[in-house]
Amino acid sequence: MPRQKAVSSTQQLRIIGGEWRGRKLTFKPEQGLRPTLDRFRETLFNWLMFDAEGAHCLDLFAGSGALGLEALSRGAAAVTFVEKSNQAAQQIKQHLTTLKCERGTVVNNSAQAYLENHTAGFDIIFLDPPFHQDLLENTLTLLIENSYINEHGYIYIEAESSFELPSLPNSWQLKREKQVKNKVFFLLQKTT
4 MPRQKAVSST QQLRIIGGEW RGRKLTFKPE QGLRPTLDRF RETLFNWLMF
54 DAEGAHCLDL FAGSGALGLE ALSRGAAAVT FVEKSNQAAQ QIKQHLTTLK
104 CERGTVVNNS AQAYLENHTA GFDIIFLDPP FHQDLLENTL TLLIENSYIN
154 EHGYIYIEAE SSFELPSLPN SWQLKREKQV KNKVFFLLQK TT
């Protein structure tokens, strides 16, 4: 009888660029938690090559914190991680401690609740909610219609391949997009 492969109790996240390049951080897997793969993070940060350093970032639906941690490694001034799962939020705090980084703030709350109580402008917002839960469109609308993004700031979206980007106001433009088998990626920029 063939042996069944044991399910790993931990997964690894590797930071791919910047100050902590090559550092591996472990986290406990959780339903719906799917860190952005290395090759997609590399593409994203190539898109943001000259914009991440010194940026104030918001990592909504932070999950493992992969996007925000990558931004910090590449010189972001500050990252606010918003994560509803207590376990995932605690793991991000632990990663920040491990990396001896004080430029990250972890908020253990839903994205909706956070946005209802904060209006600070950000330079980059990472928007990668759990797939197939209808969280993306309402959150994107809130971000675009309110003053969460500084002028010339960006929203990065990672979504299931069936997601269709809604019409954007004149003050926004689609800068980049990419599609792979089961995902789509968009980079939007506020132009005024």
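Residue numbering for the sequence shown follows the numbering used here, starting at 4 and increasing by one per position. All C-beta atoms in this analysis are idealised placements derived from N, C-alpha and C, irrespective of residue type, glycine included.
Item, Value
"Residue ranges of each alpha helix (DSSP H) run of no fewer than 4 residues wholly in the stretch 41 to 101, ordered along the chain?", "41 to 50, 69 to 76, 89 to 101"
"Drop a sphere of 10 angstroms on the beta-carbon of Thr13, count the other beta-carbons inside from all chains shown, and report buried for 16 or more, exposed for fewer.", "exposed"
"So, at 8 Å on beta carbons, what are the nonlocal neighbours of Gln7 in its own chain, with the 5 sequence-adjacent residues on each side left out?", "Note that Gln7 scores 44 on pLDDT, short of 50, meaning its location in the model is unreliable; the coordinates nonetheless yield the value given after this. Nothing meets the Cβ criterion."
"How should Ala116 be labelled, buried or exposed, when 16 other C-beta atoms within 10 angstroms of its C-beta is the threshold for buried?", "exposed"
"For a test of the three-state rule: what should DSSP assign to Leu168, helix, strand or coil?", "coil"
"Output needed for Gly57: all residues of its chain with C-beta closer than 6 Å, excluding positions within five of it in sequence on either side, in chain order.", "Ala80"
"State buried or exposed for Phe189, treating a residue as buried only when at least 16 other CB atoms are found within 10 Å of its CB.", "buried"
"Within its chain, find whatever has a CB closer than 8 Å to the CB of Trp175; leave out the 5 residues flanking it on each side and keep chain order.", "Ile147, Leu191, Gln192, Lys193, Thr194"
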